[in-house]
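In terms of our numbering, the sequence shown opens at residue 3 and continues consecutively.
We put the beta carbon where it would ideally sit given N, CA and C, even for glycine.
It should be emphasised that the depicted structure is a prediction, and the values quoted were computed from it without experimental measurement.
I have placed the structure first, in the form of structure tokens, so that the comments after it can refer back to it.
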Amino acid sequence: MNSTSDSSERSIITEKVIKKIASYKYKRLKIDGFIESAVLIPIFVEGERILFIRRSMNVKDHKGQIAFPGGVISTNDLSPIETALRETKEEIGIDPENIEPINYIDDTITIAGYLIHPVVGIVKRNVKISPNHDEVDEFFLIPIKDILNAKVKEDPERLSWEFHINGITIWGATARILKNFIDICETS
Numbered sequence: 003m004n005s006t007s008d009s010s011e012r013s014i015i016t017e018k019v020i021k022k023i024a025s026y027k028y029k030r031l032k033i034d035g036f037i038e039s040a041v042l043i044p045i046f047v048e049g050e051r052i053l054f055i056r057r058s059m060n061v062k063d064h065k066g067q068i069a070f071p072g073g074v075i076s077t078n079d080l081s082p083i084e085t086a087l088r089e090t091k092e093e094i095g096i097d098p099e100n101i102e103p104i105n106y107i108d109d110t111i112t113i114a115g116y117l118i119h120p121v122v123g124i125v126k127r128n129v130k131i132s133p134n135h136d137e138v139d140e141f142f143l144i145p146i147k148d149i150l151n152a153k154v155k156e157d158p159e160r161l162s163w164e165f166h167i168n169g170i171t172i173w174g175a176t177a178r179i180l181k182n183f184i185d186i187c188e189t190s
């Protein structure tokens, strides 16, 4: 998962984030009885933003929650990366060839019994976002600088964190994934 995109299109912030994520030694969990899934943390070079979705009320689990695009690993998927790319296409219409996977970050689990493998990827310029409204109510593009400067509140009741960024509340597994992403980006 080496970064091969044209770095001239990237800003200093995006380059630093990509470099740190690409060299990160992620922690993989293996827990029996959990449903394995994967999500994509899509970094848009254009505007230096990360995409989040609000899950629709039509989905089975995590209705109305802020999340990253993703879903359950299918028996046809060769890897969690393939799952993350497939689900991103299904949920927000971005073709896999327009996403460059960079690396995994640490796995996390949910109280609903999911084991999530987060994948960080770079979205190429000039892609059209077309949410599948059966799965996604809306999407948000949040600047990386706002994410890195966000106030984080620890939520001991949920063994997690809570973020309030640009009027959006992020909690649960998505907050744990985001906290891991921020911690990686802030390491010296």
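Drop a sphere of 10 angstroms on the beta-carbon of residue i, count the other beta-carbons inside from all chains shown, and report buried for 16 or more, exposed for fewer.
i	result
S13	exposed
R88	buried
L80	exposed
E50	buried
T119	According to the sequence displayed, residue 119 carries His and not Thr. With 16 or more other Cβ atoms within 10 Å, it is buried.
L180	buried
G123	buried
L31	exposed
V19	buried
K91	buried
N182	buried
Just verifying my parser: in three-state terms, what is the DSSP assignment at residue i?
i	result
E188	helix
A177	helix
P103	strand
E164	strand
P133	coil
I113	coil
I52	strand
I124	strand
I45	strand
I149	helix
Could you tell me the boundaries of the beta strand (DSSP E) in which residue i lies?
i	result
D157	V154 to D157
A86	Taken as a continuous stretch (DSSP letters only), A86 belongs to no beta strand (DSSP E), being part of the alpha helix (DSSP H) at P82 to I94.
D139	V138 to P145
I172	I170 to I172
Within the continuous alpha helix (DSSP H) that includes residue i, where are the two ends?
i	result
E17	I14 to A24
Looking only at DSSP bridge pairs, what is residue i linked to?
i	result
A40	G73 and H119
R57	V138
Checklist entry - Do the stretch 101 to 114 and the stretch 132 to 147 make contact, defined as three or more Cβ pairs closer than 8 Å? => result no
Next on the checklist: Does the stretch 126 to 136 come into contact with the stretch 162 to 176, if we say contact requires no fewer than three beta-carbon pairs (one atom in each stretch) closer than 8 Å?
Outcome noted: no
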